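Visitor: Have a look at this one before I ask anything.
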Amino acid sequence: MKQGEAANRFRRFEHELEDQGMDCFLVTHLPNIRYLCGFTGSAGVLTFANGSWSFFTDGRYTEQAKNEISGATVRVNSLPALAHAAQWLAARMRGHRGRIRIGIEADHLTLAMESAVSEQLSRALPKSKFHLAETSMTVERLRMRKGAEEIRRIRDAVNLASSIFPQVIESLRAGATENEVAGGLDHLARVAGAEKMAFESIVASAPRSALPHARPTRERIGRGFVILDYGVILRGYCSDMTRTVHVGDATKASRDLYAAVLEAQLAGIAAVRPGAAAGEVDEAARKILRKRKLDRYFTHSLGHGLGLEIHEAPRLARGQKQILEPGMVITIEPGVYIPGKGGVRIEDTVLVTETGHEVLTPTSKELIIR
Ligand code: ZN
Ligand code: ZN
28 MKQGEAANRF RRFEHELEDQ GMDCFLVTHL PNIRYLCGFT GSAGVLTFAN
78 GSWSFFTDGR YTEQAKNEIS GATVRVNSLP ALAHAAQWLA ARMRGHRGRI
128 RIGIEADHLT LAMESAVSEQ LSRALPKSKF HLAETSMTVE RLRMRKGAEE
178 IRRIRDAVNL ASSIFPQVIE SLRAGATENE VAGGLDHLAR VAGAEKMAFE
228 SIVASAPRSA LPHARPTRER IGRGFVILDY GVILRGYCSD MTRTVHVGDA
278 TKASRDLYAA VLEAQLAGIA AVRPGAAAGE VDEAARKILR KRKLDRYFTH
328 SLGHGLGLEI HEAPRLARGQ KQILEPGMVI TIEPGVYIPG KGGVRIEDTV
378 LVTETGHEVL TPTSKELIIR
């Protein structure tokens with residue numbers, strides 16, 4: 028990560044901590060660590076104490092941490108990173124006047140981890156001297172608005188995933204199994220340069236297309252809708268898209284169902300602009316399906332933010348008050364699932380711009396009949 032960028036993120040985070048009255052903070056969620064200091068490895072803890080940042084890791088990551096991290100002192104020890112961080116924090120804060128408020132990420136720390144931190148601290152400090160303050164979404168809130176470089180990376184990931192879509196469709200011949208199509212899809216993505224898939228690819232042929240989170244099976248693809256939902260990771264950032272294809276001739280009812288979901292998706296996208304509440308965008312899409320009495324088959328929320336993780340804030344769901352802001356990147360993915368028959372879902376990745384939105388996914392949404 029560029030030095031200026033890291034410094035900027037640290038500054039925004041410190042400001043947030045000041046608002047919350049924290050003296051220290053333990054960042055343990057790896058995507059949050061990566062966001063703040065650039066470390067891409069799989070073990071480490073980032074701490075803020077007395078105005079300075081330290082990163083704790085073990086011997087496997089000494090070189091990598093020194094190369095990747097700017098703005099934090101790298102501290103390597105044979106202790107587990109979290110114990111080392113807590114021990115160091117206790118020593119560092121010993122002279123602190125008053126009770127020390129130490130922020131922890133309650134969404135990510137297990138109870139065992141929390142008590143390990145507490146135990147390390149109480150070896151050096153009386154219990155009355157410190158308080159572990161459970162926080163939620165502190166770094167995640169900062170991650171909602173993406174910077175220019177982050178948007179570039181997401182755009183590249185989205186384009187890579189879209190670029191393989193025509194070949195994925197080619198592989199969707201009758202007789203192929205869902206597993207074969209999913210495996211081929213993942214292979215195409217890796218060959219095109221993806222670091223890995225953003226999540227387990229979904230290939231669901233009717234009637235399994237009626238299961239929103241179907242896993243690919245050994246079943247052969249038959250006549251009906253096939254939902255293809257996949258995403259890649261490129262330079263750390265995720266993409267996410269869904270297209271629904273029809274294998275064999277589609278009846279009028281199937282075409283109407285597809286048209287209704289597409290209309291809902293377009294209405295959702297049209298509602299994306301700075302100042303709109305996430306719940307309003309959800310409602311814009313849901314309303315279209317309600318008019319057609321299909322809303323009871325739309326059983327999930329409309330979309331989610333994405334970035335370093337596939338599911339991030341904001342959540343686009345009923346009643347969500349989070350206001351959309353420029354730089355947020357979200358998915359718009361209504362779906363209708365009719366039990367025993369089949370389902371349709373259409374998903375694009377959308378950027379909130381200063382004036383409205385930009386759909387990043389370039390792939391056509393016209394119904395493809397194979
Ligand atoms: Zn998806
Ligand atoms: Zn999604």
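With this note's numbering applied, the sequence shown closes on residue 397, and no number is skipped along the way. In this text, a Cβ means the ideal position worked out from N, Cα and C, and glycines have one as well. None of the values given here were measured: they were computed from a predicted structure.
1. Let me know the secondary structure DSSP gives residue 250 once reduced to three states.
2. Check for me: the beta strand (DSSP E) holding residue 111 runs from which residue to which?
3. Shorter than 8 Å, the distance from the beta carbon of residue 248 to the closest heavy atom of ligand 2, or not?
4. Over what stretch of residues does the alpha helix (DSSP H) that includes residue 42 continue unbroken?
5. Could you please give the first and the last residue of the uninterrupted beta strand (DSSP E) stretch that includes residue 142?
6. Are residue 207 and residue 235 closer than 9 Å when you measure CB to CB?
7. Quick one: give me the first and last residue of the alpha helix (DSSP H) that residue 317 is part of.
8. Return yes when the Cβ of residue 239 is within less than 9 Å of the Cβ of residue 362, no when it is not.
9. Can residue 337 be considered in contact with ligand 2, in the sense that its beta carbon sits closer than 8 Å to one or more heavy atoms?
10. Sorry if obvious, but does the Cβ on residue 17 come closer than 8 Å to a heavy atom of ligand 2?
11. Does the structure place the region 112 to 126 close enough to the region 151 to 163 that three or more beta carbon pairs sit under 8 Å?
12. Identify, in the order they occur along the chain, each residue of the same chain with its Cβ nearer than 7 Å to the Cβ of residue 392, setting aside the five sequence neighbours on each side.
13. Within a Cβ cutoff of 7 Å, which residues of the same chain sit near residue 128, ignoring the five residues on either side of it in sequence?
14. Please return the same chain residues whose Cβ sits closer than 8 Å to the Cβ of residue 313, not counting the five positions on each side in sequence.
15. Within its chain, find whatever has a CB closer than 8 Å to the CB of residue 299; leave out the 5 residues flanking it on each side and keep chain order.
16. Taking only the alpha-carbon atoms, compute the straight-line gap between residue 54 and residue 76 and give it to the nearest angstrom.
17. Less than 8 Å separating the Cβ of residue 370 from some heavy atom of ligand 2?
18. Are the CB atoms of residue 71 and residue 34 nearer to each other than 9 Å?
19. Under the criterion of a Cβ to heavy atom distance below 8 Å, does residue 269 qualify as lining ligand 1?
20. Considering residue 216, what are the terminal residues of the alpha helix (DSSP H) in which it resides?
21. State yes or no: is the C-beta of residue 334 within less than 9 Å of the C-beta of residue 173?
22. With 9 Å set as the bound, which would you pick, yes or no: does the beta-carbon of residue 394 sit closer than that to a beta-carbon of chain D?
23. Report the partner residues of residue 101 according to the DSSP bridge assignment.
Guide: Working from what's here:
1. Residue 250 falls in the coil class under three-state DSSP.
2. That residue, residue 111, is in no beta strand (DSSP E); its alpha helix (DSSP H) goes 108 to 119.
3. False, no ligand heavy atom lies under 8 Å from that Cβ.
4. It spans 30 to 46 - the alpha helix (DSSP H) in which residue 42 sits, taken as one unbroken run.
5. Note, residue 142: premise wrong, no beta strand (DSSP E); alpha helix (DSSP H) at 138 to 151.
6. Contact: no.
7. Residue 317 -> alpha helix (DSSP H) spans 305 to 318.
8. Cβ distance < 9 Å, so residue 362 and residue 239 count as in contact.
9. Checking every heavy atom of ligand 2 against the Cβ of residue 337, one is found closer than 8 Å.
10. The structure shown does not extend to residue 17, since the chain is modelled only from 28 to 397, so the question has no answer here.
11. The region 151 to 163 and the region 112 to 126 touch, with no fewer than 3 CB-CB distances between them shorter than 8 Å.
12. Only 289 and 373 meet the Cβ criterion.
13. 48, 49, 50, 158 and 160.
14. Short of 8 Å from the beta carbon of residue 313, and not among the five residues preceding or following it, lie these beta carbons of its own chain, in chain order: 291, 322, 325, 329, 345 and 361.
15. The answer, listed in chain order, is 308, 351, 357, 359, 377, 379, 383 and 384.
16. Their backbone Cα atoms lie some 12 Å apart in a straight line.
17. No, Cβ of residue 370 sits at least 8 Å from all heavy atoms of ligand 2.
18. In this structure, residue 71 lies away from residue 34, with their beta-carbon atoms at least 9 Å apart.
19. Yes, the Cβ of residue 269 comes within 8 Å of a heavy atom of ligand 1.
20. Judged by DSSP secondary structure, residue 216 falls within the alpha helix (DSSP H) whose first and last residues are 205 to 218.
21. Yes, they are a contact pair.
22. The chain inventory of the structure shown lacks chain D, comprising one protein chain alone.
23. Beta-bridge analysis with DSSP links residue 101 to 82.
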